[in-house]
Amino acid sequence: MKVRKFRTRRMWSNTLLMLWLIPFAVLIGAIAVALTDSLLALVGIAAVAFIGVSIALFRDIGNRSTYIVGTEKLILHDGRNKLTVPMSELVDASMIDRMAAREYIRSKSSGEGKSASRMKASDLIKDLTRFCSVDLGLTTFTFGMGRSMIDKMPQSKNDLVLLRLRSGKDYFLSPIDNVELATTINRLIGQMH
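One gets this note's numbering by counting positions in the sequence shown from 1 and adding 744 to each.
1. For the pair the stretch 770-782 and the stretch 838-853, tell me if three or more CB-CB distances fall below 8 Å.
2. Report yes if the C-beta distance between residue 875 and residue 820 is below 8 Å; otherwise report no.
3. Using the rule of at least 16 other Cβ atoms within 10 Å of the residue's Cβ for burial, across every protein chain shown, is residue 796 buried or exposed?
4. Buried or exposed: where does residue 830 fall if 16 or more other Cβ atoms within 10 Å of its Cβ makes it buried?
5. Pull the bridge partners of residue 866 from the DSSP assignment, please.
6. Given this structure, state the Cα-to-Cα distance separating residue 723 from residue 864, to the nearest angstrom.
7. Look at the alpha carbon of residue 822 and the alpha carbon of residue 752, and state the distance between them as a whole number of angstroms.
8. Distance, Cα to Cα, residue 834 vs residue 784?
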């Protein structure tokens with residue numbers, strides 16, 4: 745088998761949510777200007793909208809990762825760090841949706857399950873999502889509105905791959921072609937045994 749290269753997907757859900765909210769904020773600002781005869785309210789709303797869109801863009805751009813699958817090893821590269829995992833160390837690769845991913849992280853961080861880690865929850869989240877470019881909705885600044893919107897989007901269903909290692913470490917991956925990545929990894933794991 746030749747080497748297969750997969751790239752991470754980008755989801756613009758936080759940015760889209762902010763862009764949908766801006767017209768309502770402008771309407772509120774226009775009403776405030778009409779009532780107070782002062783542009784200060786409109787300038788304040790514009791500043792908050794600009795900051796909100798900037799934060800949303802920063803979160804949605806996230807990190808770009810590359811997943812390289814060979815017959816002997818899997819290479820995960822996030823632009824700064826590279827992790828090389830021999831195929832013999834992989835347990836499986838499963839497709840998972842974001843709601844299940846959040847629940848999986850919560851159960852691991854609360855100490856439930858047989859392979860519970862002693863890491864702090866924030867460190868666990870960083871480690872699990874190190875090579876994932878989509879927002880799981882664990883740290884949202886939209887007070888849950890973005891999370892529920894993302895969960896209902898058809899492209900959010902099974903858009904993640906949970907990679908489990910024999911060492912007990914897990915990683916969430918977010919490839920553009922998640923089915924192909926999970927199938928390729930599982931096929932190679934099956935050939936090893």
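Yeah, the Cβ is synthetic: ideal placement off N, Cα and C, and Gly gets one too. Since the model is a prediction, treat every value here as computed from it, not as a measurement.
According to the structure shown:
1. no
2. yes
3. buried
4. exposed
5. Beta-bridge pairing links residue 866 to no other residue.
6. One cannot answer for residue 723 here, as it falls past the ends of the chain, which runs 745 to 937.
7. 10 Å
8. Going by the C-alpha atoms only, they are around 58 Å apart.
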